[in-house]
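Right, here's the structure in full:
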């Protein structure tokens, strides 16, 4: 009886870790001397973070702080998609950061093709916003994970349901 092993390739992030990272960034912004009087706000929505501050220079500092806090909480910087900097009321600037979650059809096809080209005995099937990878050997699945980690994809990848 030959058993098969599988795992799912997904692009997701821990929402609670993101909430903690935004909270820590806000604390640092309110305590830092150079950013104390900028009235900067970070509004975390369901799929976006809206940054409002008083200049482009402080906006750059705020995005750097947000990135540092996210990395410390094991969140990939690839989940952030920075939008255009807009001018808000009263000489202030505003930037919307979209949170990327899930694999697009295009990226899922690319992952599936990479697996097909490299490994003859491994199958990759697209299932919604995830790719299920199946093989007869756990070693082949480990090799697929290494291949995907080395590939420079525009999304953060995680591996779930490994069995």
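In my numbering, the protein residues as written are 927 to 1089. Built from N, CA and C at the ideal position, the CB exists for glycine as well. Since the structure is predicted, the reported quantities are computational estimates derived from the model, not experimental observations.
Between residue i and residue j, what straight-line distance do the alpha-carbon atoms span, to the nearest angstrom?
i, j, result
"residue 1036", "residue 1077", "11 Å"
"residue 1061", "residue 1072", "15 Å"
"residue 1024", "residue 974", "4 Å"
"residue 1040", "residue 1085", "16 Å"
"residue 1044", "residue 1012", "44 Å"
"residue 972", "residue 935", "23 Å"
Between the options, which lies nearest to residue i when the distance is taken from Cα to Cα?
i, options, result
"residue 1007", "992, 965 and 1057", "992"
"residue 982", "1059, 1063, 1019 and 953", "1019"
"residue 1027", "979, 967, 1004 and 1011", "1004"
"residue 945", "1063, 931, 968 and 1046", "968"
"residue 1046", "1059, 1080 and 1054", "1059"
"residue 1052", "1066, 1042 and 1031", "1031"
According to DSSP, is residue i part of a helix, a strand, or is it coil?
i, result
"residue 1038", "helix"
"residue 954", "helix"
"residue 1078", "coil"
"residue 1022", "strand"
"residue 988", "helix"
"residue 1044", "helix"
"residue 934", "strand"
"residue 1007", "strand"
If residue i sits next to residue j, beta carbons under 8 Å apart, how far is it from one beta carbon to the other, in whole angstroms?
i, j, result
"residue 1075", "residue 933", "Between residue 933 and residue 1075 the Cβ distance is about 13 Å, and since that is not below 8 Å, they are no contact."
"residue 947", "residue 1001", "6 Å"
"residue 1029", "residue 996", "That pair is no contact at about 20 Å."
"residue 937", "residue 1083", "6 Å"
"residue 977", "residue 970", "The Cβ separation is near 10 Å, so there is no contact."
"residue 980", "residue 1017", "7 Å"
"residue 1089", "residue 959", "Contact doesn't hold; Cβ gap of about 52 Å is too wide."
Beta carbon of residue i: closer than 7 Å to some heavy atom of the ligand NAP?
i, result
"residue 1047", "This structure lacks the ligand NAP, and indeed carries no ligand of any kind."
Exercise. Looking at C-beta atoms only, is the number of pairs between the segment 974 to 993 and the segment 1033 to 1047 that lie closer than 8 Å three or more?
Worked result: A contact is defined here as three or more CB-CB pairs under 8 Å, and the segment 974 to 993 fails this definition with respect to the segment 1033 to 1047.
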